[in-house]
Amino acid sequence: MRDRFSDSLLAWYDQHARTMPWRIGPTDRRQGIRPDPYRVWLSEVMLQQTTVAAVRDYFLRFTTLWPTVQDLAAARDADVMAQWAGLGYYARARNLLKCARDVAELGAFPDTAEGLRALPGIGPYTAGAVASIAFDRPEVVVDGNVERVMSRLFDIHTPLPAAKPELTERARELTPLDRPGDYAQAVMDLGATICTPRTPACGICPWRDPCLARQRGTAPDLPRKTPKKPKPTRFGIAYIGRRVDGAYLVETRPDKGLLGGMLGWPGSDWSESPAPCPPTSADWQAQSQVAQHTFTHFHLTLTVMTATLPAGCNPERGQFIDLVPSSLPTVMRKAYDIAAEQFETD
DNA sequence: AAAACGTGGCG
DNA sequence: TCGCCAAGTTT
Numbered sequence: 002m003r004d005r006f007s008d009s010l011l012a013w014y015d016q017h018a019r020t021m022p023w024r025i026g027p028t029d030r031r032q033g034i035r036p037d038p039y040r041v042w043l044s045e046v047m048l049q050q051t052t053v054a055a056v057r058d059y060f061l062r063f064t065t066l067w068p069t070v071q072d073l074a075a076a077r078d079a080d081v082m083a084q085w086a087g088l089g090y091y092a093r094a095r096n097l098l099k100c101a102r103d104v105a106e107l108g109a110f111p112d113t114a115e116g117l118r119a120l121p122g123i124g125p126y127t128a129g130a131v132a133s134i135a136f137d138r139p140e141v142v143v144d145g146n147v148e149r150v151m152s153r154l155f156d157i158h159t160p161l162p163a164a165k166p167e168l169t170e171r172a173r174e175l176t177p178l179d180r181p182g183d184y185a186q187a188v189m190d191l192g193a194t195i196c197t198p199r200t201p202a203c204g205i206c207p208w209r210d211p212c213l214a215r216q217r218g219t220a221p222d223l224p225r226k227t228p229k230k231p232k233p234t235r236f237g238i239a240y241i242g243r244r245v246d247g248a249y250l251v252e253t254r255p256d257k258g259l260l261g262g263m264l265g266w267p268g269s270d271w272s273e274s275p276a277p278c279p280p281t282s283a284d285w286q287a288q289s290q291v292a293q294h295t296f297t298h299f300h301l302t303l304t305v306m307t308a309t310l311p312a313g314c315n316p317e318r319g320q321f322i323d324l325v326p327s328s329l330p331t332v333m334r335k336a337y338d339i340a341a342e343q344f345e346t347d
């Protein structure tokens with residue numbers, strides 16, 4: 002039963018495996034070659050809730066700057082956060098550093114799912130993925146792709162997230178003892194290229210015959226999901242001060258909460274009616290264009306205030322730095338882009 | 001256990 | 001134009 006599924010999928014994977022900077026191909030792997038656990042772990046953390054296309058350049062930059070987990074462990078926090086800027090879910094970057102330092106202390110990555118699971122930023126999915134892909138252990142690996150594939154294969158109509166335990170159990174039963182690393186990547190490739198969310202290509206699927214949802218015509222409607230809550234709109238004010246020498250007044254945000262540990266503009270809270278709170282007295286000028294941004298759970302409309310600050314400026318909050326705009330999280334960069342236009346015309 | 005936590009692309 | 005979606009984890 003188990004091998005009937007894995008054999009057909011692995012045969013498909015041998016022909017259609019996608020190549021990625023952190024992967025080794027099925028041919029190399031069968032010769033006993035295994036991928037570098039550091040690169041597998043780094044890619045898996047970057048890929049949490051994030052598309053392959055978005056991750057690729059970040060992965061290449063990180064591995065160029067920090068080729069080993071020891072290099073990453075020795076990096077400065079601010080440098081890692083700056084390199085992560087734009088990828089989102091910044092707790093991942095803070096936990097990435099913690100994890101790298103724990104692993105450097107241990108001497109190497111744990112080679113079991115249980116050992117990996119104990120590290121910061123590694124949950125059930127990432128522990129299973131690294132254990133199977135890097136160490137060829139037959140651990141169950143359940144991401145969004147696998148949930149979709151299993152819900153269709155077994156025509157499970159229970160909505161997520163309630164269906165998660167059942168989908169995990171089904172996935173566990175199919176996980177083979179032979180080539181578990183290739184198998185884990187194969188199911189995810191299947192979900193990403195054939196068993197897609199909207200219009201699955203059932204006609205060319207290696208599992209088209211046993212798939213219950215294909216037989217019953219329910220595939221496009223699965224998996225079902227419980228409806229999401231609507232997003233409220235919040236408002237805020239950002240103060241972008243540029244000193245005459247070109248330095249910008251920025252703050253490092255507290256580690257906890259939204260955009261934790263990232264650079265940002267001094268400003269109000271983000272609420273229904275924020276109060277003005279200039280970080281230093283100056284002729285603050287409201288920009289006509291606002292920065293619009295949508296976070297996971299709310300929309301934000303950000304008013305951008307700009308001012309040119311004198312050489313001896315001594316602000317109540319923040320510090321002046323020679324700003325590299327790419328080190329800002331996206332919402333802050335949107336505000337910067339609006340301000341930069343203003344400063345250019347000054 | 002529900003909510004917090006980013007961003008860009010696509011139909 | 002806009003909601004949905006992408007290799008989830010933490011609290």
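For the first sequence, the working numbering gives the first residue as 2, with consecutive numbering after it.
Each residue gets a CB set at the ideal place from its N, CA and C atoms; glycine is no exception.
With distances taken between CA atoms, ALA187 lies nearest to HIS17 out of HIS17, PHE110, ASP4 and ARG5. Residue nearest to GLY265 within the set GLN32, PHE136 and TYR249 is TYR249 (criterion: CA-CA distance). Under the DSSP assignment, ILE241 falls outside any alpha helix (DSSP H), being part of the beta strand (DSSP E) whose first and last residues are 234 to 244. According to the DSSP assignment, HIS294 belongs to the beta strand (DSSP E) that extends over 292 to 295. Short of 7 Å from the beta carbon of ALA86, and not among the five residues preceding or following it, lie these beta carbons of its own chain, in chain order: MET263, SER327, SER328, LEU329 and PRO330.
HIS17 carries a helical assignment under DSSP once its states are collapsed to helix, strand and coil. A direct Cα-Cα distance of roughly 39 Å separates SER152 from TRP271. Between ARG215 and ARG209, the gap from beta carbon to beta carbon is short of 8 Å. Taking C-alpha positions only, CYS278 is separated from ASP137 by approximately 55 Å. Taking C-alpha positions only, LYS165 is separated from LEU324 by approximately 44 Å. DSSP, reduced to helix, strand and coil, places LYS230 outside both helices and strands of the structure shown, so it counts as coil. Annotation: TRP67 to GLY108 spans about 16 Å, alpha carbon to alpha carbon. Looking at the DSSP output, GLU252 bridges to GLY265. Across the structure, MET82 and GLY204 are spaced so that their CA atoms are roughly 44 Å apart.
Measuring C-alpha to C-alpha distances from ALA163 to each of ARG77, LEU191, PRO224 and LEU301 identifies PRO224 as the nearest.
Here DSSP, grouped into helix, strand and coil, assigns PHE63 to helix.
Counting only residues of its own chain and dropping the five nearest sequence neighbours on each side, ASP246 has a CB closer than 7 Å to the CB of ALA312. If you draw a straight line from the Cα of THR295 to the Cα of LEU178, it is about 43 Å long.
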